Structures are given as structure tokens and as C-alpha cells.
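This note's numbering applies: residue 309 is where the sequence shown begins, and numbers increase by one. Ideal Cβ positions, reconstructed from N, Cα and C, are used throughout, including at glycine. Quick caveat: nothing in here was measured; it's all calculated off a predicted structure. Down below is the structure, laid out as C-alpha cells.
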Amino acid sequence: MSIGIFYGSTNGNTAEAASMIQKQLGADSYDVGKLKSGAELAQYDLLIFGTSTWYDGELQDDWESFTVHLSKADLSGKKVALFGMGDQEGYGSDYVSAMRVLYDKAIEQGACVIGAWDNEGYSFDHSASIVDGKFVGLALDEDNQSELTAGRIDAWCKQIEAEMKACA
Ligand SMILES: Cc1cc2nc3c(=O)[nH]c(=O)nc-3n(C[C@H](O)[C@H](O)[C@H](O)COP(=O)(O)O)c2cc1C
């Protein structure tokens, strides 16, 4: 199964998480801010989308531009997994909410989303990325819980490997 990570990162936190996921899963990785089109999306069975959240729940800037390409991509038959970077203390009313934008888009384009993540161990008021009581993907917080990032990524990557066979 081929895996492509697509991430957008303003200050490098999401990029660093993408690099850790890349090493663990043996995936290719792309900064969406450097892509000219969405052609790369077609190459992979599993697409992993990573974004930080900005300005009260919005997508990271490079993702804002890249969604034009995502909206044209046929993701039917593909799996998508999501990870989000945010700040649950500073922006607890919209913690990692940008993941939800990519979740809705992935489903709209025909993908099957895997990798939902328990919200235990976090403290926030609201997140648009909670669906059926879980985050739609891995939630990370380098501002307040950086010591948990490596362990969360390790556990989530193992979960993704186990869930690969889902949505057959
Ligand atoms: C102006 C500003 C707005 C932010 N808005 C949110 C937000 O709405 N929700 C959230 O969870 N984090 C928010 N954050 C926190 C960032 O997502 C967080 O610092 C993240 O680690 C940045 O990752 P990056 O370096 O990959 O872009 C905001 C940060 C700043 C400076």
C-alpha cells in the first residue's frame, strides 16, 4: 500500500510531525505550499493530510490554496487519514478545528476516512473536529503537550497500519 503525506505548516510544527509520521510509515511527504497541482494525490492508496489550525478554526494558509486542487481530485477508492496541530489552551474554542475542513472535503471527494482518535487527555471547550465523540484524526499540540507528541504519533501510526484494511 502506497502512502503519501500532504501537509501545510506555517511555523514548522506540522512539518515536524509529518516527518515523524513519514519515518514511521515509510511514506512520501509533500509540503502542499510547494505543489503546483494536485497530480500527486492520484499516486497513493492512503493519503495522510496534516494541517495546523489558524484564526479561529481555519485551515493553514497553504492548505487554503491547495483545496482548489483537492476539490478537483477523485479520491474514490482511496483512504484518507488526518492529523491536526493546534493549541488547546490558547484556542480552546476551536482546537484543531481545521482537520474537520479536510475531513469533509475528503468525504466529498469520495475517500474513506480512517484514523479517528480518542479525545482523552486533552482539555478544550470545543473542536469542529469531534465527530461521534472522537477526533476525526490525530490531534497534536506542540504549544502545551509537546512531550506527548512522539508517543501519540507512534500509537496513531500503529492504529493506521491496523486500520488499513478497513473500508474495503
Ligand atoms: C494567530 C493564531 C491563531 C491560531 N488559531 C488557532 C485555532 O483556531 N485553533 C487551534 O487549535 N490552534 C490555533 N493556533 C495555534 C497553532 O495552530 C499552533 O501554534 C500550531 O502548532 C502551528 O503549527 P504550524 O507551525 O505547523 O503552522 C493559532 C495560532 C496563532 C498564532
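- Just so you know, the alpha carbons of residue 328 and residue 460 end up roughly 11 Å apart.
- Distance from the CA atom of residue 375 to the CA atom of residue 455, rounded to whole angstroms, is 31 Å.
- Taken in chain order, the complete alpha helix (DSSP H) segments of 4 or more residues contained in the stretch 324-386 are 369-378.
- Contiguous alpha helix (DSSP H) elements confined to the stretch 423-473 occur at 454-471, taking only those with 4 or more residues.
- Beta-bridge partners of residue 389 (DSSP): 356 and 422.
- For residue 411, the enclosing alpha helix (DSSP H) begins and ends at 406-416.
- Between ligand 1 and the CB of residue 427, the shortest heavy atom gap is not smaller than 6 Å.
- Relative to ligand 1, the beta carbon of residue 403 is positioned inside 6 Å of a heavy atom.
- Distances taken from the Cβ of residue 451 to the heavy atoms of ligand 1 include one shorter than 6 Å.
- By the criterion of a C-beta distance shorter than 8 Å, residue 332 is surrounded in its chain by 461, 462 and 465, once the five residues flanking it on both sides are discounted.
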